[in-house]
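The block underneath contains the structure these notes are about, expressed in structure tokens.
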Amino acid sequence: MRTRRATLVAAALGVVVATACGGGSGTASEPAPVREAPAPRTSTPAAPAPPTRGPLRAHHPAWAAVSVATVWRSPAAPRAVDAPALARPAQIQQWLQAMTLDERRALNGRADTQVLLGDRVDVVRLRPGWARVTVPGQPTPLDAGGYPGWVPRRQLTAVPPAQTPRVATVTVGTAWLRADAPSARPLWRVGFGTDLPVVGRAPGSVRVVLPTGAVRRVARTAVVLHQPDEPAFAPSRASVVARARSFVGLAYLWAGTSGFGLDCSGLTWLTYRAHGIRLPRDASAQATFGRAVTRLRPGDLMFFGDPVHHVAMYAGHGRMVHAPGTGQSVQVVPVSTPPYAHEYAGACRVLH
0 MRTRRATLVA
10 AALGVVVATA
20 CGGGSGTASE
30 PAPVREAPAP
40 RTSTPAAPAP
50 PTRGPLRAHH
60 PAWAAVSVAT
70 VWRSPAAPRA
80 VDAPALARPA
90 QIQQWLQAMT
100 LDERRALNGR
110 ADTQVLLGDR
120 VDVVRLRPGW
130 ARVTVPGQPT
140 PLDAGGYPGW
150 VPRRQLTAVP
160 PAQTPRVATV
170 TVGTAWLRAD
180 APSARPLWRV
190 GFGTDLPVVG
200 RAPGSVRVVL
210 PTGAVRRVAR
220 TAVVLHQPDE
230 PAFAPSRASV
240 VARARSFVGL
250 AYLWAGTSGF
260 GLDCSGLTWL
270 TYRAHGIRLP
280 RDASAQATFG
290 RAVTRLRPGD
300 LMFFGDPVHH
310 VAMYAGHGRM
320 VHAPGTGQSV
330 QVVPVSTPPY
340 AHEYAGACRV
350 LH
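In numbering that gives the first Met the number 0, the protein residues as written are 0 to 351.
This is the structure we're talking about:
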């Protein structure tokens with residue numbers, strides 16, 4: 000079986016692929032820049048009034064009120080070292096820097112995924128300090144409502160994001176939010192893919208409103224502006240590969256879905272999310288998405304293991320971009336790299 004899988008990877012490098020998917024074309028040329036939609040001709044909208052804070056309620060939606068809210072397996076799952084990740088605002092950098100390699104590995108079985116600032120969750124039930132939620136933006140066979148788990152109540156708000164004519168989506172790994180004043184000091188960072196309602200502009204900055212109603216500034220060079228019903232990037236093979244490559248060097252984080260850290264399926268999920276395509280959250284579920292293919296093209300998803308436990312994105316020219324595992328970083332490697340060639344389980348196409 001191992002010899003056959005290696006042959007499947009190598010034969011034709013157009014690359015032969017088996018049947019890991021259930022039911023997206025292009026070449027591996029360098030990506031053209033994605034152009035921002037023109038700004039509307041209307042005047043700058045006024046900042047919305049601060050929302051009225053209401054209590055979280057079971058069987059109602061809520062939204063992440065911190066840069067990254069980690070979704071835990073149970074309220075007992077977090078350890079003392081995880082305290083910065085449970086705070087409001089979440090101290091993600093402090094958390095990552097405090098963990099040893101073994102503590103990072105031990106996130107497996109404790110944390111399952113993350114949600115970004117302003118992302119919706121549906122509250123299933125409440126208990127002191129915690130909310131059991133599902134994440135509708137992260138499909139999974141585990142729950143029809145989306146990825147399930149527990150989030151600290153302090154990291155959620157019952158107030159939905161403001162509805163504005165323009166949205167700023169973060170397009171760099173992480174970007175600082177600053178107070179709404181010239182030369183204001185940085186407050187905290189948000190990650191790639193975070194959608195921020197736009198309420199105005201300032202020199203070199205975009206004024207955005209948070210779920211709390213606070214107005215902040217983010218560097219104009221760190222975001223792309225678009226209408227709320229449009230993706231940050233027009234979906235194309237070149238663009239998805241370019242976005243995935245932009246994470247090269249970012250440390251692997253179990254359950255990670257942000258520019259602070261990514262796991263293997265978090266990399267593919269977040270990249271496609273920025274292009275308006277909602278993948279399932281886990282590698283095994285992504286393997287049933289899209290259309291099975293027998294020759295790889297850039298942007299196709301490659302799967303490994305039996306059962307599937309790893310996903311990568313084909314980057315063209317016999318190479319793939321992926322987040323290998325704890326202690327490593329997002330990297331681009333030949334598809335023939337051990338042990339992946341021997342564990343190859345097939346691929347599917349998302350972009351038709």
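Note that CB positions come from ideal geometry on N, CA and C, so glycine has one too.
Contact belief for G190 with G258 at Cβ below 8 angstroms, rounded distance in angstroms: Indeed, because the Cβ distance is near 4 angstroms, the residues count as touching under 8 angstroms.
Opening and closing residue of the alpha helix (DSSP H) in which L100 lies: First-last of the alpha helix (DSSP H) with L100: L100 to R104.
Beta bridge counterpart(s) of W356 as assigned by DSSP: Residue 356 is absent from the structure shown; the chain starts at 0 and stops at 351.
From E342, P74, F288 and A237, residue whose alpha carbon lies closest to that of L125: Comparing Cα-Cα distances from L125 to each of E342, P74, F288 and A237, the minimum goes to P74.
Through-space distance from A61 to L116, alpha-carbon basis: One C-alpha to the other measures close to 11 angstroms.
Continuous beta strand (DSSP E) assignments of at least 3 residues falling wholly in the region 149-237: Listed in chain order, the beta strand (DSSP E) runs fully inside the region 149-237 are 166-169, 173-178, 185-190, 194-201, 204-208, 214-218 and 222-225, counting runs of at least 3 residues.
Contact the region 246-262 vs the region 216-233: 3+ CB pairs below 8 angstroms: Too few Cβ pairs lie closer than 8 angstroms, so no.
Whole-number beta carbon distance between G136 and D111, since they are thought to touch under 8 angstroms: With 8 angstroms as the limit, D111 and G136 do not qualify as a contact, their Cβ atoms being about 14 angstroms apart.
Whole-Å CB distance - V197 paired with L224, under 8 angstroms assumed: That belief holds up - the Cβ atoms of V197 and L224 are roughly 6 angstroms apart, short of 8 angstroms.
Exposure label - L85; buried when at least 16 CB within 10 Å: By the 16-neighbour rule on beta-carbons within 10 angstroms, L85 is buried.
Opening and closing residue of the alpha helix (DSSP H) in which Q96 lies: Taken as a continuous stretch (DSSP letters only), the alpha helix (DSSP H) holding Q96 covers I91 to A97.
M312 to G298 span [Cα, whole Å]: Rounded to the nearest angstrom, the two C-alpha atoms are 6 angstroms apart.
Given 8 angstroms, three or more beta-carbon pairs between the region 321-330 and the region 283-295: Proximity of the region 321-330 to the region 283-295 falls short of the contact definition, fewer than three beta-carbon pairs being nearer than 8 angstroms.
Sub-7 angstroms separation of R72 and R153 beta-carbons: No, these two residues do not count as a Cβ contact at 7 angstroms.
Distance CB(C263)-CB(V307) smaller than 7 angstroms: In this structure, C263 keeps its C-beta atom at 7 angstroms or more from the C-beta atom of V307.
Straight-line gap, A221 to V150 (C-alpha atoms, nearest Å): Distance between the alpha carbons of A221 and V150: 28 angstroms.
Buried/exposed call for P37, threshold 16 Cβ in 10 Å: Legend: pLDDT at P37 = 37, less than 50; position of this residue unreliable, no value from coordinates given.
Any alpha helix (DSSP H) of 4 or more consecutive residues that is wholly inside the region 268-323: For the region 268-323, whole alpha helix (DSSP H) runs of length 4 or above, ordered along the chain, are 282-285.
Beta carbon of V114 nearer than 7 angstroms to that of A63: The answer is yes: Cβ separation under 7 angstroms.
Helix, strand or coil at P337 according to DSSP, with G and I counted as helix: In the three-state reduction of the DSSP assignment, P337 falls in the coil class.
Bridge partners - A61, DSSP secondary structure assignment: According to DSSP, A61 bridges with V120.
For V320 and V332, the rounded distance between their alpha carbons: If you draw a straight line from the Cα of V332 to the Cα of V320, it is about 7 angstroms long.
N-terminal and C-terminal residue of the beta strand (DSSP E) that H115 is part of: As written in the sequence, residue 115 is Leu, which differs from the His given in the question. Start and end: A110 to L115.
Sequence-distant residues of its chain with Cβ nearer than 6 angstroms to F302 (five each side left out): Correct list, in chain order: A19, A286, V310, A344 and G345.
Minimum C-alpha distance to A130 - residue among Y251, P181, A68 and V171: Taking only the C-alpha atoms, the option nearest A130 is A68.
Residue ranges of each alpha helix (DSSP H) within the region 236-263, 4 or longer: Every alpha helix (DSSP H) stretch that sits fully inside the region 236-263 and reaches 4 residues is listed by chain position as 236-244.
Contact set for S204: own chain, Cβ-Cβ below 7 angstroms, skip 5 residues either direction: For S204, same chain residues with a beta-carbon under 7 angstroms away, outside a window of 5 residues either side, are R216, V217, A218 and R219 in chain order.
Assigned exposure category for V122 - 16 Cβ within 10 Å defines buried: With 16 or more other Cβ atoms inside 10 Å of its own Cβ, V122 counts as buried.
A82 - containing alpha helix (DSSP H), residue span: If you look at A82, you'll find it in the alpha helix (DSSP H) that goes A82 to L85.
Chain-order list of residues whose beta-carbon lies under 7 angstroms from that of R78 (same chain, five-residue window excluded): Nothing listed; no residue qualifies.
Three-state secondary structure (DSSP) of A75: Three-state result, A75: coil.
Cβ-based neighbour list, I276, same chain, cut-off 7 angstroms, excluding 5 preceding and 5 following: These residues qualify, in order along the chain: P234 and V349.
Helix, strand or coil at V67 according to DSSP, with G and I counted as helix: V67 carries a strand assignment under DSSP once its states are collapsed to helix, strand and coil.
Contacting residues, own chain, Cβ-Cβ under 6 angstroms from Y339 (five flanking each side not counted): Excluding sequence neighbours, Y339 sits near F303.
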